[in-house]
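In the numbering used here, the protein residues as written are 9 to 180.
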């Protein structure tokens with residue numbers, strides 16, 4: 009272990025970590041109850057200038073958007089939970105992506121037109137219109153699901169305890 013920088017409550021049950029692309033090594037992380045953070049990484053592995061970038065402690069970074077600078081974030085609690093796109097990583101420039109469903113994960117498919125959301129204990133995967141934030145439909149899966157889009161966005165691989173399926177996103 010080179011660098012350790014604890015933020016958030018002890019024993020948080022959900023965290024995310026990312027290396028941001030680009031020439032400057034930038035690390036992003038989120039801890040449920042501690043918010044979303046960023047820091048530069050120096051050559052020896054030390055975190056420089058760590059700072060919380062989320063206005064709330066509920067904000068959890070889900071992924072880097074296609075532009076490599078914007079962040080897909082879930083923020084809020086309960087019925088106020090929503091998915092947002094933080095343009096250039098700036099929460100004051102947040103664009104609404106969706107709400108009114110249990111979120112544990114929200115990702116944009118390549119091109120950023122369609123979003124997908126899942127929950128760790130609820131069945132199914134939901135498709136969203138990322139421009140309007142409207143829920144389009146579900147895939148009809150009967151169990152909680154993990155998912156991974158292909159790098160080109162053409163395919164979506166889903167997995168439950170009982171089956172793995174490959175979906176052609178061009179047919180949605």
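For glycine and all other residues, C-beta sits at the position ideal for the given N, C-alpha and C. A quick note: this is a predicted structure, and the numbers were derived from the prediction, not measured.
Selection 66, 160, 164 and 162 evaluated against residue 91 yields 66 as nearest (Cα-Cα). Here residue 178 carries a helix assignment [DSSP, helix/strand/coil].
Selection 49, 33, 52 and 25 evaluated against residue 40 yields 25 as nearest (Cα-Cα). Secondary structure in the region 95-149: the beta strand (DSSP E) runs of 3 residues or longer, each lying completely within the stretch, are 102-107, 113-116, 122-126, 134-137 and 142-146 in chain order. Excluding five sequence positions before and after residue 79, the CB atoms of its chain that fall closer than 6 Å to its own CB belong to 69, 94 and 97, given in chain order. Here residue 102 is buried. Its C-beta has 16 or more other C-beta atoms within 10 Å.
Residues 90, 92 and 141 of the same chain have their beta carbon placed closer than 7 Å to that of residue 104, with the five preceding and five following residues left out of the count. The criterion of a C-beta distance shorter than 7 Å is not satisfied by residue 128 and residue 82.
As far as DSSP is concerned, residue 58 takes part in no beta bridge. Straight-line measurement puts the Cα of residue 130 at about 7 Å from the Cα of residue 151. It is roughly 5 Å from the alpha-carbon of residue 156 to the alpha-carbon of residue 165.
Taking a contact as a CB-CB distance under 8 Å, the pair residue 161 and residue 138 does not count as one, their CB atoms being some 12 Å apart. For residue 177 and residue 88, the gap between their C-alpha atoms comes out near 29 Å. Each residue's CA atom was taken as its position, placing residue 114 and residue 125 some 4 Å apart. The beta carbon of residue 37 lies closer than 6 Å to those of 25 and 45 in the same chain, with the five residues before and after it left out. Rounded to the nearest angstrom, the gap between the Cα atoms of residue 28 and residue 60 is 16 Å.
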